[in-house]
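The numbering used here puts the first residue of the sequence shown at 211, with every later residue one more than the last.
In what follows, a structure is listed as structure tokens, so that the remarks can point back to it.
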Amino acid sequence: MADYLVIVESPAKAKTIEKYLGKKYKVKASMGHVRDLPKSQMGVDAENEFNPKYITIRGKGPVLKELKTAAKKAKRVYLAADPDREGEAIAWHLAHSLDIDDKSECRVVFNEITKDAVKDSFKHPRTIDMDRVDAQQARRILDRLVGYNISPILWKKVKKGLSAGRVQSVAVRLIIDRENEIKSFEPEEYWSIEADFLKEKEKFEGSFYGIDGKKQELKTKEDVDQVLEKLKGKQFKVEKVNKRERRRNPSAPFTTSSLQQEAARKLNFRARKTMMVAQQLYEGIDLGKKQGTVGLITYMRTDSTRLSETAQNEALDYITENFGKEFHGGNKKKKKKEGAQDAHEAVRPTSASRDPKSMKGILSNDQYKLYKLIWDRFIASQMAPAVLDTVTVHMENEGVEFRASGSQVKFKGFMKIYIEGTDDNKKEENKLLPELEEGMKVKADAINPNQHFTQPPPRYTEARLVRTMEELGIGRPSTYAPTLDTIQRRGYVALDNKRFVPTELGEIVLELVREYFPEIIDVKFTAKMEEDLDAIEEGKNEWVTIISEFYQGFEPRLKKAEKEMEKVEIKDEPAGVDCEKCGHEMVYKMGRYGKFLACSNFPDCRNTKPILKKVGVTCPKCKEGEVVERKSKKRRTFYGCERYPECDFISWDKPISRPCPKCSNLLVEKKSKKGVQIQCTECDYKEEAQK
């Protein structure tokens, strides 16, 4: 039997670490937490300083028994769970379950699973950090007090199976508030005037700026007409040419939040998928006989952009060798972001020399994509700024000023390998202008007024919602993905075209929580609670004090809600059609993902149907039914014939009503990162969709 027992969370991590430590060490996995609050009861004694009642998690008995047997035979036990609050809590629960003194030096932590990092961590074991344990315990108890007290009230007053979480309720509120903004938005008209200018045969574009050197907004057609009336002919004089050099700095290496956002933009990964693949890269990938299993990235739950000096030097050596000294960005010290825990480094590759190209044949497709994103961002963060030459040309005709702007990348710097994505899909592009000098004459070949209307704020994508939660201080790196997952599973929101929309059920629950428990959905209150939890971790606050202060205000609200909250009856609405199975009337019912059609003769007749949204296209296969919008089991939108199963036509792309002008077959809207394109399903015909 091995002299030392090491306990980690997962078998993959155990396998990797055991190879590094040698024969004297046996590494086993706890499979996450072994103890937790009971599911069947509150498990928190509010009368006795919120004392938690922990029990062995159902199904973990055999795992715990195996760990106890191994611990008794070992000379020493090391607890090597992840280096965050959750990992610290897992280590503490294991210590209690295995009768290990939590004041002994039994805890080892490492930010990356590489041979050197793991071996070094065992030279510096420490005691379990009880401040971190208390911070995790406080979060768990807070969430239990909120969820297990409000949920039964919602069961009685609305319907069974509902729940109200602390952070999740605020996320639902953000989505519903945004939807209300969109509904109440009143578009405002505005205009622009674009012109195609010619300098001899060279064409370039310019836009109306103002009159007599003052910027002027164009709100109506009358404003546009007044500008056009002032113009005399199509000759413009170049009044001023501004040239300047602009430097653009690279983005910082990834935090959990920025990784989730960028993976959504560039890889189309959901937050949950990003974290799952990142976990695989962190825990270790088998690189073959020479290198064995190696963790390819550092710990992926972090709000820090800090890099170790070793990592920076390794990146700079790689940059100098592969791109040249001029691309060398020099060692950069990042300021700690206010409110960041800064417990770990940024998410980065464990070795700059393992470039994505060398890893491509080893990693799965998803692992390769995410690893490349992390590696590119890390290397780019250590590269020199990009240098751009920008030019702005001022052109006048009778005091009417148009301006044309252009830029050209003079030195690519970090842009040679990576440019951060944006939520609105704007692309970095070179827009060159011809050589223009003050006093020159240019001709406006065409002047085009364009009417526009202001647009409502966009619905939240996963990336936008994570960014907003981070900016508002709601949740922490480990909570973003589970929060988004939970609010969808509960049926409070749904994804439509990759954007969150609230369900009717979500709106009903939020309205009740807003009325009786306003602090639970208050953004500032929730952010303050996160700060209090951070203060517990830093040893500045006592966890019992924080929870006690919260509960003093919360308990009276519970009693009031129990007494005063009225029962909400979600009535079935007549659908105006009869059930084809039994002849009774069909009704609209409320389900997990919103309304659906069901027979009013339930439970004798269990006929149900989704509410189908027609797209105005006759089915191209049977020529009888209409094409309708449907949802797959994973809530992905697709299009099929309303006569299914008689007709099995389906399409992931939305069909449009007119036929292909080239072959008369079906045209569909094809979405990509570049936008929407109309394509034929049979021939090579393509066209850009009108915005």
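Even for Gly, the Cβ is constructed at its ideal location relative to N, Cα and C.
Given the structure is predicted, the values throughout are model-derived calculations rather than measurements.
- Collapsing the DSSP output to three states places Gln501 in coil.
- Note: Cys851 is bridge-paired with Val837 in the DSSP secondary-structure output.
- Boundaries of the beta strand (DSSP E) around Tyr288: Arg286 to Leu289.
- An exposed status is given to Phe395, since fewer than 16 other beta-carbon atoms sit within 10 Å of its beta-carbon.
- In this structure Val451 is in contact with Val603, their Cβ atoms being roughly 5 angstroms apart against a cut-off of 8 angstroms.
- Less than 9 angstroms divides the Cβ of Pro830 from the Cβ of Phe859.
- Judged by DSSP secondary structure, Arg456 falls outside any alpha helix (DSSP H) and instead within the beta strand (DSSP E) spanning Gln445 to Arg458.
- Taking a C-beta distance under 9 angstroms as the contact criterion, Val597 and Ser615 do not qualify as a contact pair.
- The continuous beta strand (DSSP E) containing Asn607 extends over residues Ala596 to Asn607.
- DSSP, reduced to helix, strand and coil, places Ser373 outside both helices and strands of the structure shown, so it counts as coil.
- As summarised for the stretch 215 to 284, the continuous beta strand (DSSP E) elements at least 3 residues long and confined to that stretch are 235 to 239, given in chain order.
- Minimum Cα-Cα distance from Glu772 among the listed residues Lys781, Asp309 and Tyr726 corresponds to Tyr726.
- Closest option to Lys442, judged by alpha-carbon separation, among Asn811, Asn607, Asn660 and Phe760: Asn607.
- For the pair Phe407 and Ser461, the Cα-to-Cα distance works out to about 36 angstroms.
- Trp753 sits buried, since 16 or more C-beta atoms from the chains shown fall within 10 Å of its C-beta.
- A distance below 9 angstroms separates the beta carbons of Lys429 and Glu398.
- Between the stretch 639 to 651 and the stretch 691 to 698, the count of Cβ pairs shorter than 8 angstroms is below three; the stretches do not touch.
- Within the DSSP secondary-structure output, Trp401 pairs in a beta bridge with Gln661.
- Take the alpha-carbon of Lys233 and the one of Ser314: they are about 24 angstroms apart.
- Restricting attention to Gly371, Met593 and Ser568, the CA atom closest to the CA of Gly540 is found in Met593.
- Shown here, Val368 sits in coil according to DSSP, grouped into three states, outside any helix or strand.
- Note that the C-beta distance between Thr226 and Gly683 is not below 9 angstroms.
- Spatial neighbours of Cys851 in its own chain (CB-CB distance under 7 angstroms, excluding positions within 5 residues in sequence) are listed in chain order as Cys829, Lys831, Cys832, Gly835, Val837, Cys857 and Phe859.
- Relative to Ile718, the option among Thr671, Lys499 and Glu776 whose CA is nearest is Glu776.
- In this structure, Leu491 and Gln577 form a Cβ contact; the two beta carbons are roughly 6 angstroms apart against a cut-off of 8 angstroms.
- CA-CA distance, Trp365 to His306, rounds to 36 angstroms.
- DSSP places Leu438 in the uninterrupted alpha helix (DSSP H) bounded by Lys431 to Lys440.
- Remark: C-beta atoms of Thr713 and Tyr702 approach each other more closely than 9 angstroms.
- When DSSP states are grouped into helix, strand and coil, His306 belongs to the helix group.
- In this structure, Ser467 and Glu680 form a Cβ contact; the two beta carbons are roughly 4 angstroms apart against a cut-off of 8 angstroms.
- Here Gln471 has Ala673, Val676 and Arg677 as same chain residues with Cβ atoms under 7 angstroms from its own Cβ, once five neighbours each way along the sequence are excluded.
- Here Thr736 has Val380 and Ile684 as same chain residues with Cβ atoms under 6 angstroms from its own Cβ, once five neighbours each way along the sequence are excluded.
- Contact check for Lys880 against Ile888 passes: the beta carbons are separated by less than 9 angstroms.
- In the structure shown, Lys880 falls within a strand segment according to DSSP collapsed to helix, strand and coil.
- The beta strand (DSSP E) runs of length 3 or more contained entirely in the stretch 684 to 744 are, from start to end of the chain, 703 to 706 and 709 to 712.
- Of Asp387, Lys278, Gly494 and Val343, the smallest CA-CA separation from Gly749 is found for Val343.
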